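Student:
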Amino acid sequence: MKTIFILFFLTVSLGHSQKKDVTKLGQVTMAELQMSRCAIDSKASALVLEENAYTYLSEKHNLDFKTDYYHRIKLFNRQSFDKATIEIQLYDQQKSDDIEAYSYHLENGKIIMTKLEKSQIFKKNIHKKWKEVVFTIPNLKEGSVIEYKYSVISPYPSINDWYFQSDIPKLKSDYTFSYLGNYKYNVRLVGFLKLDRKVTKVKKRCVMVPGIGRRGQSGYLSYGIDNIPAFKEEDYMLSKENFISKIVFDLISITRTDGVVTKYTQTWKDADKNFQKNWFDNQTNKEKFFKRRLPDSLLSVVNPVEKATGIFKFIQGRFTWNQRYWPQGSINLKEAFESRSGGVDVINLSLYNSLQAAGIECYIMTIATRENGLPTKLYPVTRDFNYIIVTTVLNGERYFLDATDKFMPFGQIPMRCLNGEGRVLDFDKGSYWETINPISNNIAKISVQLTLDEDNELTGKIHVQKKGYLASNNRKLLSVESEEDYLRDLESKMTDYEIEDYLSSNLKDLEAPLLESFTINPYEVIFDEDIVRINPFFYYQIQTNPFKLKERKCPVDYGYPRTYSYRITMDVPKGYKVISSPQAKAIGLPNKAGKFVLRSLVSDKKISLNYRFKIKKKVFTSQEYFYLKEFFNQIIKVYATPVEFQKI
Amino acid sequence: MKKITVTFILFFFFHNWNLPAQQDLDLSILTLPQELTKNANAVVRKQQRIIDVNSVNQMTIKNTSVVTVLNKKGHQRLITSVGYDNHTRISRLEGRIYNSLGKETKKYRKNDFIDVSAVDGVSLYTDSRVKYIDFTPVSYPYTFVFSYELKTTSTANIPSWIPVNQYYVGVQENEYVINYPPELGFQKKEKNFEGFPIEDNSVTGKIHYKVTNILPVKYESLAPSLIDSSPNALLSLSHLTTDGVEGSYRNWNEFGRWMHQSLLLGQDILDGATKQKVLELTANAETVAEKAKIIYKYMQDRTRYISVQVGIGGIQPIAANQVDRVGYGDCKGLTNYTKALLNVVGVKSYYVHVEAGTDDNISLENDFASLAQGNHVILNIPNGNNDIWLECTSQTSPFGFLGDFTDDRDVLVITPEGGVIKRTPAYLNEDNLQITKATIELNPEGSLNADVDISSEGIRYDARYMLEKETPLEQKKYYKSGVWSYNNNLEVLSIAFDNNKDSVIFRESLEVSIADYATLSGSDYLLKVNAFNRNTFVPKRYRERKMPLKILRGYKDVSEYNYKIPEGYSIGELPEPKIIETKFGMYKVVFQKLDDTTFTYAKTMLIKAGEYPKEEYKNYRRFRKLIAKYENIRILLTKKT
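Chains as they are written, first to last, in my numbering: chain A, 5 to 652; chain B, 130 to 770.
Here is the structure:
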């Protein structure tokens, strides 16, 4: 993000008591030291007894923001000793101050208190303007209580999020913010927890400006929660930032004492302008440049979808993505075009300009990636976004485009982008929300033909056809791994079989389905006297349930719908008859969210099993989790059923 | 626990290969020898490292490397960084990128490099730093020319010569020169030179190696490390300086004496109260082992592992009284502290340099002494023929237990009289024993309930005893999604652990249930018998195996299950006993019918550590495949009619 400079031309002094007493060190009680387990979570390795922070404008520091932090934590056992190592991240002109820390423990009923030595506070230059002050609290024992405080002085008006929740439970967590009325913030609470304490006060005429007198107002906001459970991350969930309890302050504007207002985000109109000007560095009108660079053959295409596809491929081929998102600072599309590499911003802005140059109506869409958390919809917060794509409507159908990934066909965006809604930036009519719908034809079609010969050796021919995400994931794998490594991994997923005659096609033709075919070499089948048992479901099957825990809190997020359809055929070996085979079965998830259908056809000569496994819904709530888990259980059960032949 | 102090000057690890700016090489890929590109992700076209030792505390290292990168993997592994610290200055630094035709496309000067703290992931603080560049290649192949010059006052760590230090990299030319004043003395140890076209033009005052055209090596699993078969030379001055401390040694004995005199002596002072305390604690203990055990526990309870690496602190332990005061230290500090405590109670112990790691057991070279060997410190207590070894960075390790991090390798024991090479205790094949006993009851719906008892010894102990400290949720996850993930619907009803630190046995007692365990069809009840210790590992297939087979660690598994079958079913014919015996180990399964409703399953599996010629790989694979098949053995119960 661009650095923000704020200058005060006049000195201002605060007329009312902005100061609030910060918790002083030395609050540790005997009861806390004797506490043997956490009352709100008996298994917790540590418990925050009390923590708070207070942010205010410090007169001593030229009216920069100062935040005083106080923490008191009970460490029940060694697993929590890492909580005694504190890292304070500082950017550029930010400073830390007043670091003080103690550990307390009992020895023969007496309290032993150890102070952190100043020489054990280290300052590291991390990278460029980032620094870190780090220390670890000495002399820890199982059962110790640690207590520490520090302050951070910051000339920047952005306020850090306050996390009520962390990986350990807390008894009491509070955050207080007092500011001058010339700063405007939006405040929002994220997460499942409710506030226990909330104080919001506005005082009028509390600021003394020399020569002008008392004017302006100040605000005082205080929030607190008690008895906070630890936040636990779960598999297959979206970013934890969507669910963890925290309070967020979004800066709207600052009014300088001379009356000049600096707006950050207030309305979407401001935000749109901010995106265009600062974040895109005014590079949204470079059509002319791209028009000259685009091959004439592309520009002369009549069918708009074909034309857009051609341009998309051109940009996708032209640039190599440098793995960076967006914005690094100044953007120069012309230069980037020559150097052929760039971040998401450079590549997708180039795509946008090129499509514009070709007369295709399209828009830049700002989104947040999955690991970044969903952008809030309450009001505009530009810092919630960290990525841009391009969107267009052609022949009545909406397309989302991202030219950074070499494996995405036209209209498919990488998995990282499949995160809720994004903001379509229509610079003329104003921006609007749009749900990022993934493409739906993510399909794998698999045909398996098995033969059991007289020597009880099983051979098979396998054909696989993949589309959508299933294809692009596979293409990516095939492009980085050697074929041998790829096959070895495949073999390790079906231990009994070895792959021969592997062929793949349409590796580079992204619009076409990816095709793979191979044979599995002879494999001796387990015997049980006259009965031969074969598990026909060996290729690409789920063998263990991905959902094993009894319950969960956060939704399961699949990102995109998917369908696997199988066709397994097998000749009945000579001299044998079929005595059992998997039975027809249909398993469904509520609301048609997913289904599994198996059809089985058995004749004297042939067995054929056709089945389809489909996950249609992208997100399953914690209430739906049980169904999902059971759905997989049932399917795995089907997969465990063998075909049995008996000697005639 | 398992933490390595990244002490011994970082940049040597970052860089093993380098050399000077000579643009006489044709950088186009057209001149790249084809045989070097087969199985290669990158080819080192030319690499030159020239080291000028000017005096005992002045050394210049000039590096130039010219690497043609053939694909993305080669790019990911390309080294574009150089480390430095308070004793080392980067006097020149440059990177240039050339396209496949040999045309320069990008140039990075010193100021274009990104400067960061050398974060090792373990240390609270370290004064080592790294400069690096990060770029995105727009096409392959491309060529990267990296050159730099370092001036350092530390001459203790002359980088080893390792022309091949990565898989899938071909080497066209690699040259290495060291000029040193002969009066400083020099030692070297050359390894695996045979079979490689190495030119050695070394004379007194100069080391000079050159090698050309080494083919890329493919990685294979279950193989010895690359360094075991590729040429390398270990190099060291006899008189040297490290972080401002001068040293002089030609062998381990002298090295040990120097370490003791210059870096350890005087670091073991403790204050009176602590002395008093440990004397009281051990007042009733008689033997060395008894006293040591009390001290070890005392140390474990009082400390934790925190690493701070500043200057000489990279090799010198912080003083014992400092550790005593703050209650933390790194491996050096904690070992030295334990040594000091033992000293107070009259137990002699020694500081030990070891090359720690679980991937391979690396010994110190018996006949070549250098500071660069070893990355960890442990403690040795002489005790007749039964030395005691202590891992002082762990607060949970049993007394005298080393585990796979430092076991079975040659280490340097530093005594006041000098250094002595000793071997740490080994955990061999049967020592690594795991016994799984289960009483299993099947019900007519196909579900089972079982009491399972697992006891683990040796390295198996090491792998599991930390489980005790996990949260109940993590413990359940460990069984459900970890070791028993092949059992769907597994529910853990109760868990109890017994960590016997004296005999080093970890016992897990569990009550579990598995719904729908058996497959029911018609009157058949099909059951996979080995529910709780299924080892179906099969080594990957290599169409053409090149490397020898190495099984680093042996182990033994014993499983004994007692099955009670559901009412209304009968036990048919049980499988015959099966014994497979090979040079790699043994596998045995025996079924026994006890009465109409119960039968037992007994399995023994022994895998032996060892090294075998490459031809044996497929035999080992066959052995494991056969085992895998029997691990999945199923039996049939039939409904009584």
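Beta carbons: idealized from backbone N, C-alpha and C, even for Gly.
It should be emphasised that the depicted structure is a prediction, and the values quoted were computed from it without experimental measurement.
Can you list, in chain order, the stretches of the beta strand (DSSP E) that have 3 or more residues and sit fully within the segment 167 to 252 of chain A?
Tutor: The qualifying runs are 174 to 184, 187 to 194, 201 to 213 and 217 to 232.
Student: Using CA atoms only, rank isn't needed, just tell me which of B:VAL483, B:GLU278 and B:LEU313 is closest to ARG552 of chain B.
Tutor: For this step, residue 552 of chain B is matched to residue 423 along the second sequence. Among B:VAL483, B:GLU278 and B:LEU313, the Cα nearest to that of ARG552 of chain B belongs to B:VAL483.
Student: Run through chain A and tell me which residues come within less than 8 Å of GLY376 of chain B, C-beta to C-beta.
Tutor: For this step, residue 376 of chain B is matched to residue 247 along the second sequence. Those do not exist, as GLY376 of chain B stays about 27 Å from chain A at its closest Cβ, beyond 8 Å.
Student: Report all residues from its chain with a CB closer than 8 Å to the CB of TYR490 of chain A; omit the five preceding and five following residues, and keep chain order.
Tutor: The residue given as residue 490 of chain A occupies position 486 in the first sequence. Closer than 8 Å at the Cβ level, and outside the excluded window around TYR490 of chain A, lie LEU481 and LEU482.
Student: For ILE216 of chain A, decide whether its Cβ has a neighbour in chain B, counting only Cβ atoms nearer than 9 Å.
Tutor: Residue numbering aside, residue 216 of chain A sits at position 212 when the first sequence is read from its first letter. For ILE216 of chain A, the predicted model reports a pLDDT of 49, less than 50, meaning its position is unreliable; a value from the coordinates is still stated below. It does not; no Cβ of chain B falls within 9 Å.
Student: Go ahead and pull the three-state DSSP assignment for GLN301 of chain B.
Tutor: What you label residue 301 of chain B is simply residue 172 of the second sequence in a count that begins at 1. Reduced to three states, the DSSP call for GLN301 of chain B is strand.
Student: Applying a beta-carbon distance threshold of less than 8 Å, which residues of chain D neighbour GLU502 of chain A?
Tutor: Absent here is chain D; the protein component of the structure consists of chains A and B.
Student: Under 8 Å by Cβ, that's how I've got LYS202 of chain A and TYR227 of chain A pegged, so tell me the actual separation to the nearest angstrom.
Tutor: Counting from 1 along the first sequence, the entry for residue 202 of chain A is found at position 198. Counting from 1 along the first sequence, the entry for residue 227 of chain A is found at position 223. Between TYR227 of chain A and LYS202 of chain A the Cβ distance is about 6 Å, and since that is below 8 Å, they are a contact.
Student: What are the residues of the segment 446 to 461 of chain B that lie near chain A, defined by any Cβ-Cβ distance shorter than 9 Å?
Tutor: Answer set for the segment 446 to 461 of chain B: ARG454, VAL455, GLY456 and TYR457.
Student: By the criterion of Cβ-Cβ separation under 8 Å, what are the contact partners of GLN650 of chain A in chain B?
Tutor: Position 646 of the first sequence, counting from 1, holds the residue named residue 650 of chain A. Neighbours of GLN650 of chain A on chain B: none; closest Cβ ~12 Å, over 8 Å.
Student: Nearest to GLN390 of chain B by alpha carbon, out of B:LYS609, B:ARG206, B:PRO288 and B:GLY548?
Tutor: In the second sequence, residue 390 of chain B corresponds to position 261, counting from 1. Answer by Cα proximity: B:GLY548.
Student: Given a threshold of 16 other Cβ atoms within 10 Å of its Cβ, counted over all protein chains shown, does ILE652 of chain A qualify as buried or as exposed?
Tutor: Position 648 of the first sequence holds residue 652 of chain A. By the 10 Å Cβ count, ILE652 of chain A comes out exposed.
Student: Mind listing which residues of the segment 332 to 349 of chain A have their C-beta closer than 9 Å to chain B's C-betas, in chain order?
Tutor: So the list reads SER343, ARG344, SER345 and GLY346, given in the order they occur along the chain.
Student: When DSSP labels each residue in this structure, what does TRP134 of chain A get in the three-state scheme?
Tutor: Looking up residue 134 of chain A in the first sequence gives position 130. Looking at TRP134 of chain A - three-state DSSP - the assignment turns out to be strand.
Student: Going along the segment 126 to 147 of chain A in order, which residues come within less than 7 Å of chain B, judged by CB to CB distance?
Tutor: Hits within the stretch, in order: PHE126, LYS128, ASN129, ILE130, HIS131, VAL138, THR140, PRO142, ASN143 and LEU144.
Student: Only counting runs of 4 or more residues, tell me where the alpha helix (DSSP H) segments fall wholly within the segment 468 to 544 of chain A, in order along the chain.
Tutor: 472 to 484 and 487 to 497, all fully within the segment 468 to 544 of chain A.
Student: With 8 Å as the C-beta to C-beta threshold (strictly closer), list the residues of the segment 79 to 101 of chain A near chain B in chain order.
Tutor: Within the segment 79 to 101 of chain A, the residues whose Cβ lies closer than 8 Å to some Cβ of chain B are ASN81, ARG82, GLN83, PHE85 and THR89, listed in chain order.
Student: What separation, rounded to the nearest whole angstrom, lies between the Cα atoms of GLU146 of chain A and ARG431 of chain B?
Tutor: Within the first sequence, numbered from 1, the residue matching residue 146 of chain A stands at position 142. Within the second sequence, numbered from 1, the residue matching residue 431 of chain B stands at position 302. Computed Cα separation, rounded: 9 Å.
Student: Verify whether the separation of the beta carbon atoms of PHE168 of chain A and LYS174 of chain A is less than 9 Å.
Tutor: Counted from its first residue, the first sequence places residue 168 of chain A at position 164. Counted from its first residue, the first sequence places residue 174 of chain A at position 170. Yes; because the gap between Cβ atoms is below 9 Å, this pair is in contact.
Student: Nearest by alpha-carbon distance to ILE219 of chain B: which of B:ARG206, B:SER623, B:VAL612 and B:SER210 is it?
Tutor: Here residue 219 of chain B refers to the residue found at position 90 when the second sequence is read from its first residue. It is B:SER210 whose Cα lies nearest to the Cα of ILE219 of chain B.
Student: Are three or more beta carbon pairs between the segment 578 to 590 of chain A and the segment 603 to 613 of chain A nearer than 8 Å?
Tutor: With a cut-off of 8 Å, the segment 603 to 613 of chain A and the segment 578 to 590 of chain A count as touching, because enough Cβ pairs lie within range.
Student: So that I know if they touch, is there some Cβ in chain A lying closer than 9 Å to that of ASN618 of chain B?
Tutor: As a first step, residue 618 of chain B must be located in the second sequence, where it is residue number 489. Taking Cβ atoms only, chain A reaches closer than 9 Å to ASN618 of chain B, which makes this a yes.
Student: Taking 9 Å as the CB-CB cut-off, is GLN169 of chain A touching chain B?
Tutor: For the purposes of this step, residue 169 of chain A is taken as residue 165 along the first sequence, with counting starting at 1. No - not a single Cβ of chain B is within 9 Å of the one on GLN169 of chain A.
Student: Distance, Cα to Cα, LEU557 of chain B vs THR467 of chain B?
Tutor: Taking the second sequence and counting its residues from 1, one reaches residue 557 of chain B at position 428. Taking the second sequence and counting its residues from 1, one reaches residue 467 of chain B at position 338. So the alpha carbons of these two residues sit roughly 28 Å apart.
Student: Might you give, ordered along the chain, the residues of its own chain that have their beta carbon closer than 6 Å to the beta carbon of PHE635 of chain B, omitting 5 neighbours on each side?
Tutor: For the purposes of this step, residue 635 of chain B is identified with residue 506 of the second sequence, where counting begins at 1. Correct list, in chain order: SER585, TYR590, ARG593, TYR594 and ASN628.
Student: For the segment 264 to 277 of chain A against the segment 342 to 359 of chain A, are there 3 or more C-beta pairs whose distance is under 8 Å?
Tutor: No: the two stretches stay apart, fewer than three of their Cβ pairs being nearer than 8 Å.
Student: So, under 8 Å CB-CB, TYR271 of chain B and TYR227 of chain B are touching, yes? Tell me the CB distance rounded to an integer number of Å.
Tutor: Along the second sequence, one-based indexing puts residue 271 of chain B at 142. Along the second sequence, one-based indexing puts residue 227 of chain B at 98. That pair is a contact at about 7 Å.
Student: As a quick exercise: from A:ILE44, A:LYS410 and A:LEU144, pick the residue whose alpha carbon is nearest that of ALA475 of chain A.
Tutor: Within the first sequence, numbered from 1, the residue matching residue 475 of chain A stands at position 471. Looking at the Cα atoms, A:LYS410 is the closest of the given residues.
Student: Leaving out the 5 sequence neighbours to the left and right, which residues in its chain are closer than 6 Å to PHE542 of chain A when beta-carbon positions are compared?
Tutor: Position 538 of the first sequence holds residue 542 of chain A. Closer than 6 Å at the Cβ level, and outside the excluded window around PHE542 of chain A, lie MET498.
Student: Starting from PHE275 of chain B, trace the beta strand (DSSP E) in both directions and tell me its first and last residue.
Tutor: Here residue 275 of chain B refers to the residue found at position 146 of the second sequence. 271 to 281 is the span of the beta strand (DSSP E), which, as asked, contains PHE275 of chain B.
Student: Determine whether the beta carbon atoms of ALA421 of chain B and LEU519 of chain B lie at a separation below 9 Å.
Tutor: Start at 1 with the first residue of the second sequence, and residue 421 of chain B comes out as number 292. Start at 1 with the first residue of the second sequence, and residue 519 of chain B comes out as number 390. Yes; because the gap between Cβ atoms is below 9 Å, this pair is in contact.
Student: Taking the alpha carbon of ASP155 of chain B as the point to measure from, which residue in B:ASN168, B:VAL173, B:TYR749 and B:ILE564 has its own alpha carbon closest?
Tutor: If you number the second sequence from 1, residue 155 of chain B lands on position 26. Minimum Cα distance to ASP155 of chain B is reached at B:VAL173.
Student: Straight-line CA distance for ILE315 of chain A to VAL267 of chain B?
Tutor: The sequence position of residue 315 of chain A within the first sequence is 311, counting from 1. The sequence position of residue 267 of chain B within the second sequence is 138, counting from 1. Distance between the alpha carbons of ILE315 of chain A and VAL267 of chain B is about 19 Å.
Student: Using CA coordinates, which residue listed in A:LEU519, A:GLY195, A:ILE619 and A:VAL26 is at the minimum distance from THR380 of chain A?
Tutor: Sequence index remark: in the first sequence, residue 380 of chain A carries index 376 (1-based). Nearest of A:LEU519, A:GLY195, A:ILE619 and A:VAL26 to THR380 of chain A, Cα basis: A:GLY195.
Student: For ALA247 of chain B, count neighbouring C-beta atoms within 10 Å of its own C-beta (all shown protein chains included) and say buried if the count is 16 or more, exposed if not.
Tutor: Numbered from 1 along the second sequence, position 118 holds the residue referred to as residue 247 of chain B. Result: buried.
Student: Counting only runs of 3+ residues fully inside the segment 532 to 613 of chain A, write out the beta strand (DSSP E) ranges in chain order.
Tutor: Runs found: 535 to 538, 566 to 575, 580 to 584, 589 to 592 and 598 to 606.
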